[in-house]
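Report on one structure; see the data block that follows.
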Amino acid sequence: MFFSICLYTALSIFLLGLFWKISTWFRYSVGPGSREIKTSKRLFAAIKGSILTILSPKVLTLLKVFVLDVLFQRRIFIESRLRWLMHMCIYGGFMLLLLMHALEHFITITLFPDYASTLNPFLFLRTLFGLIVMLGLGISFYRRHILKIPRLINNAMDHYMVIILAVIMISGFLLEGTKIVSHTRYQEMVEDWSDVDDEESFEALESYWVEKFGVVSPDLEGPFDEETLDLGKELHETNCEACHSRPQWAFISYGVAKIVSPLAVSMDKADVHTILWSLHFLACFVGLAYLPFSRMFHIIAGPLSLLANSVMDRKRSDRANIATRQVMEMDACTHCGACSLHCSVGVLFEQMQNVNILPSEKMASVKRFTANRTAKEGDIKHIQEGLYLCTNCCKCTLVCPVGINLQDLWFDMRETFIQDGHPEVFTLSTLSFYRGLRKDELNEKDYEKPLQQASQALAEECGLFDSVDTPIDLGSLDESFEKDLRTSAQGSTFSFCFTCTTCTSACPVALNYDDPPNVLGLTPHQIMRATAIGLPDLIFRSKMLWTCLGCYQCQEACPQGVRVTDILYALKNMAIRRVKEKT
Ligand code: HEC
Ligand code: SF4
Ligand code: SF4
Ligand code: SF4
Ligand code: SF4
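The numbering used here puts the first residue of the sequence shown at 979, with every later residue one more than the last.
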């Protein structure tokens, strides 16, 4: 009764959790463009997209990814053999236990009508699968706590599921061990299954079970004489053998049984095996109920993320499906840390102590932000720092074992913050290149917005960056500025410039406008010239400096070897230094 209540409660929580979680895939959104798409439209697009994909040749790709990446876990194999072994052990071992042991009434009995949990090969296989899971858990502990993989951050969630799994496994082995030695269980069985009725036979059968099956009897103790054992064997063969292989096959539990056998009689009296039984099942139920809310939910979201990413393409897929995929991907994250290990700027974490520099942690923050749609200003600054320090190198996306397109996530998060009115003024230009490449995804107003906000903020905060239209006093030549630039090898190359305008002709930003100087203030070659004559204010105010994509086309094209782009970066840094000094 109690067992059924627990089971149905756990199952209901699991199903409700599952439903709620999956519904968030269609309700939450990451990128600014996806916020406007209604849930019903996203649901419909997902159904339509799935059906169309299954009916198209892409189904072959899905099949390939399912076998290689989902079943064989190719991505983890490439990343680390040890991690692959760990994952295969936990996931494979547990699945086998689930199918053969936990669902024995539904699956194993249907497939093998003679099935008994105490009979080989099942008895042995249960131990083997359990051992495999334990091995996986051991490797997991070793990786996280002994090997100390760099930048692998452990959070509470990482521990909960491992602890639940460990409790399930350990209580299972202990339970089996105490059952083997239990005299009460033995007696119940004899009452149920034997036709033994005389005292001598009772004793013979019990002696045989004490001798060969590890039962600890309060009355009988070996060594037994041959005759008794022979009779016991005979009785065993007629009454019990059909369902019982030797418990030695369950070698772990048998080991446990041997260890606890001195205490067996008192444990039997205290009904320890009922306690262990309750613990074992309770841990299973807690695991089941907690699954949709834990990191383990990746069992469901991970394969879906891998499959979706293998057939979806940001340019061609329905925007509604991209929005759904992005939220689903966040549930697929296993917090494995592979992305952080390979991140180009991960090393900065050691200096800056902002966890959001690491993609695995940034992912967790972005997930929290997406669920609540808001965060404290300080937290947003932290996430933003992580987002802007990212170099868009794509390594995280390449190594992620569940195929999450992290690059897209970072881009959309930056845009979301910008459009929510959280511009990050000073680092804006480092992401412009990426923004420029994705310009067609944003409407013009959205694209311009941060640029305007940046110039406005600079103008308001320090007066360094007035609007382009304000006339400037050209009389103030600044010699210290030129000296500053000459301190670096790249910076000093500005003096080679002979104003040929090739850089400006190569510049995609300048090419964007009919009348570049009017919009941009100065064009690249004019900035080089203004540098040579020492007019920092003029340069800092020019929109060109701040809209530069960092694409290096100008530098590549310059016949004089002027490091144009590097100089632009040096100038931006100089401007920021000055602002910081003033404020
Ligand atoms: C119809 C099959 C069947 C027969 C016949 C049978 N048993 Fe069992 N027995 C089982 C099953 C199944 C379990 C495990 C029950 C559980 O999981 O609690 C078990 C459990 C036990 C246990 C507890 C230890 C353990 O491994 O779980 C003992 C002891 C035991 N049986 C003794 C006997 C004896 C002695 C006989 C013969 C008189 C006998 N059984 C006949 C099916 C059988
Ligand atoms: S794209 Fe950004 S977050 Fe990802 S690895 Fe490169 S620098 Fe790190
Ligand atoms: S994003 Fe991918 S690589 Fe990074 S922690 Fe999550 S699952 Fe691992
Ligand atoms: S291409 Fe080189 S030399 Fe020509 S204007 Fe630009 S920086 Fe000067
Ligand atoms: S790097 Fe040079 S070419 Fe590229 S946008 Fe900046 S100024 Fe223009």
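In this text, a Cβ means the ideal position worked out from N, Cα and C, and glycines have one as well.
Starting from residue i, follow the alpha helix (DSSP H) in both directions and report where the run begins and ends.
i: Y1491; result: Unbroken run through Y1491: none, as it is neither H nor E.
i: E1419; result: Neither: E1419 is in no alpha helix (DSSP H) and is coded neither H nor E.
i: L1207; result: 1204–1217
i: P1035; result: Careful: P1035 lies outside any alpha helix (DSSP H) and carries neither H nor E.
i: P1379; result: Note, P1379: premise wrong, no alpha helix (DSSP H); not H, not E.
i: N1132; result: Note, N1132: premise wrong, no alpha helix (DSSP H); not H, not E.
i: Y1006; result: Element bounds for Y1006: n/a, residue is neither H nor E.
i: M1167; result: 1161–1171
i: F1229; result: 1229–1238
i: H1258; result: 1250–1268
i: V1045; result: V1045 -> no alpha helix (DSSP H), and no H or E assigned at all.
i: Q1362; result: 1355–1367
i: N1350; result: 1337–1350
i: M1245; result: 1242–1247
i: V1193; result: Premise fails: V1193 is in no alpha helix (DSSP H) and is neither H nor E.
i: S1458; result: 1457–1464
i: Q1331; result: Premise fails: Q1331 is in no alpha helix (DSSP H) and is neither H nor E.
Just to confirm my understanding: we take residue i, look at its own chain, exclude 5 residues before and 5 after, and list those with CB closer than 6 Å. What are they?
i: Y1186; result: L1207, G1210, K1211, H1214
i: E1307; result: S1283, I1382
i: T1479; result: H1503
i: F1347; result: A1353
i: I1110; result: C1067, G1071
i: A988; result: F1263, L1266, A1267
i: L1257; result: S1149
i: M1341; result: C1311
i: A1144; result: L1115
i: V1250; result: T1156
Grab me the residues of residue i's own chain with a C-beta within less than 7 Å of its C-beta, minus the 5 sequence neighbours each way, in chain order.
i: L1077; result: I1085
i: F1229; result: T1105
i: G1027; result: D1296, N1299
i: F1395; result: I1358, Q1362
i: V1542; result: C1481, P1502, M1506, C1532, Q1533, C1536
Can you grab the Cα-Cα spacing for the pair residue i / residue j, in whole Å?
i: I1025; j: L1152; result: 47 Å
i: I1565; j: I1056; result: Shown here, the chain extends from 979 to 1561; a query on residue 1565 therefore has no answer.
i: M1274; j: F992; result: 12 Å
i: H1503; j: S1458; result: 21 Å
i: P1494; j: P1537; result: 22 Å
i: L1125; j: H1320; result: 17 Å
i: V1243; j: R1052; result: 50 Å
i: Y1138; j: A1261; result: 11 Å
i: L1063; j: G1116; result: 11 Å
i: K1345; j: R1005; result: 13 Å
i: R1059; j: V1305; result: 29 Å
i: S1338; j: C984; result: 35 Å
i: L1523; j: T1375; result: 31 Å
i: F1424; j: G1539; result: The question names Phe, yet the displayed sequence has Asp at residue 1424. Using only the alpha carbons, I get a separation of about 36 Å.
i: L1198; j: L1101; result: 27 Å
i: M1330; j: V1380; result: 28 Å
i: G1315; j: D1462; result: 41 Å
i: L1326; j: A1023; result: 41 Å
i: N1098; j: H1079; result: 13 Å
i: L1021; j: E1393; result: 24 Å
i: A1279; j: L1049; result: 14 Å
i: L1532; j: S1483; result: Residue identity check: residue 1532 is Cys in the sequence provided, not Leu. Distance between the alpha carbons of C1532 and S1483: 8 Å.
i: G1200; j: P1270; result: 52 Å
i: S1012; j: L996; result: 23 Å
i: Y1069; j: L1113; result: 11 Å
Going by beta carbon distance, what residues of the same chain come within less than 8 Å of residue i, once the five residues before and after it are set aside?
i: Y1232; result: G1155, I1158, G1192, P1225, Q1226
i: H1161; result: V1193, V1194, S1195, P1196, A1242, V1243, D1246
i: L1384; result: C1317, P1337, M1341, C1374, T1375, C1378
i: L1046; result: R1052
Any heavy atom of ligand 6 closer than 7 Å to the beta-carbon of residue i?
i: G1528; result: No copy of ligand 6 occurs in the structure displayed; its ligands are ligand 1, ligand 2, ligand 3, ligand 4 and ligand 5 alone.
May I have a chain-ordered list of the alpha helix (DSSP H) segments no shorter than 4 residues that lie completely inside the stretch 1048–1122? Taking 4 residues as the shortest admissible run, the stretch 1048–1122 contains the following complete alpha helix (DSSP H) segments, listed from N- to C-terminal end: 1052–1057, 1059–1075, 1086–1089, 1100–1119.
Completely contained alpha helix (DSSP H) runs for the stretch 1471–1545, where each covers 4 or more residues: Listed in chain order, they are 1480–1484, 1486–1489, 1494–1498, 1502–1511, 1514–1519, 1521–1525, 1531–1535.
Every unbroken alpha helix (DSSP H) inside the stretch 1270–1322 [4 residues or more]: Complete alpha helix (DSSP H) runs here, min 4: 1276–1289, 1297–1310, 1316–1320.
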